[in-house]
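K.L.:
Mind having a look at this structure? Questions to follow.
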Ligand code: HXC
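Residue numbers (the numbering used here): 29 to 285.
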């Protein structure tokens, strides 16, 4: 395969996917996105993988869709390729995804980070949706997810000007969970992934789904969704184990069942 470096089991239950097109600042060409989504779908089926970290390198998480590849495309090419439907597959993944971002996370790179469930940023991370500067707008969720994450006024300013914003701003505005020194951002993401991977996996998946519903449903519907998943978890061995272990004052042993 071409544009990814994959390490399964880098920590217990954790897989790491490293975007690897450094000469183009990890610009997301179609082959890379196809490889990434295929890899994620494969990991979704592997029971031993319970959390996935996506990263780039220190200089760039990803500097956006590959401008050179799409520059001469027509609207009909875009429509027929419908490349962004690939991104919807990432949205539907049940397993938790953590983005470990250093350097540029721009355009499609920022959108990829926002498709992940949690973003850990290095002090050097720079986020932005600079599409306006090349005559387009975000196409893989930026206008929607950035607005939900940092609020309409800020999203407007940054999407209409294409300016970048810093890791520290992203943290203050709630886009990223935390900012850590550049030597530690990947370590921190892996540590968090390992911690999540040590939790009962069905509960993790249902919790992820329920939190994501908060973006999509009314409060009434969201509460209903949450409650049904809560009740459903009482069908799992892990619920029995978790509650018994608590009462017996011992650590639980999860089965993922
Ligand atoms: C193709 C890219 C690229 C991109 C960088 N490169 N970003 N190639 N597509 N998005 C290439 C450069 O052409 C250059 O190759 C090499 O990577 C290094 O980049 P430089 O520009 O020389 O580095 P620097 O001067 O440090 O500037 C870094 C930068 C700048 C500020 C990140 O590269 C930049 O503005 N990139 C474009 C960012 C952008 O507009 N992203 C949004 C894309 S549209 P050569 O061969 O010249 O050395 C988008 C739509 C989303 O994402 C739709 C959903 C997927």
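Glycine residues also receive a C-beta, built at the ideal position from the N, C-alpha and C atoms. Since the structure is predicted, the reported quantities are computational estimates derived from the model, not experimental observations.
(1) Is residue 118 near ligand 1, with its Cβ less than 7 Å from a heavy atom?
(2) Shortest alpha-carbon distance to residue 210 belongs to which of 195, 224, 223?
(3) Bridge partners for residue 32 per DSSP, in chain order?
(4) Please confirm whether residue 26 and residue 99 have their CB atoms less than 8 Å apart.
(5) With 16 other CB atoms within 10 Å as the buried threshold, where does residue 162 fall?
(6) Output needed for residue 283: all residues of its chain with C-beta closer than 8 Å, excluding positions within five of it in sequence on either side, in chain order.
(7) Which residue wins for smallest C-alpha separation from residue 84, given the options 131, 218, 256?
(8) Going straight from the alpha carbon of residue 170 to that of residue 135, what length do you get?
(9) I need the straight-line Cα distance from residue 93 to residue 111, nearest angstrom please.
(10) Per the contact definition of three or more C-beta pairs closer than 8 Å, is the region 202 to 216 in contact with the region 100 to 109?
(11) What separation, rounded to the nearest whole angstrom, lies between the Cα atoms of residue 113 and residue 187?
(12) For residue 149 versus residue 199, is the C-beta distance shorter than 8 Å?
(13) So residue 225 and residue 41 are supposed to be a Cβ contact under 8 Å. How far apart are they, rounded?
(14) Can you give me the C-alpha to C-alpha distance between residue 70 and residue 139, rounded to a whole angstrom?
(15) Which of the three DSSP states is assigned to residue 246 in this structure?
(16) Mind checking whether residue 241 and residue 253 have CB atoms under 8 Å apart?
(17) Out of 120, 64, 128, which has the shortest C-alpha to C-alpha gap to residue 33?
P.N.:
With the given structure in hand:
(1) no
(2) 195
(3) 47
(4) Because the chain is modelled from 29 through 285, residue 26 falls outside the range shown and cannot be assessed.
(5) exposed
(6) 265, 266, 269
(7) 131
(8) 8 Å
(9) 11 Å
(10) no
(11) 22 Å
(12) yes
(13) 3 Å
(14) 21 Å
(15) coil
(16) yes
(17) 64
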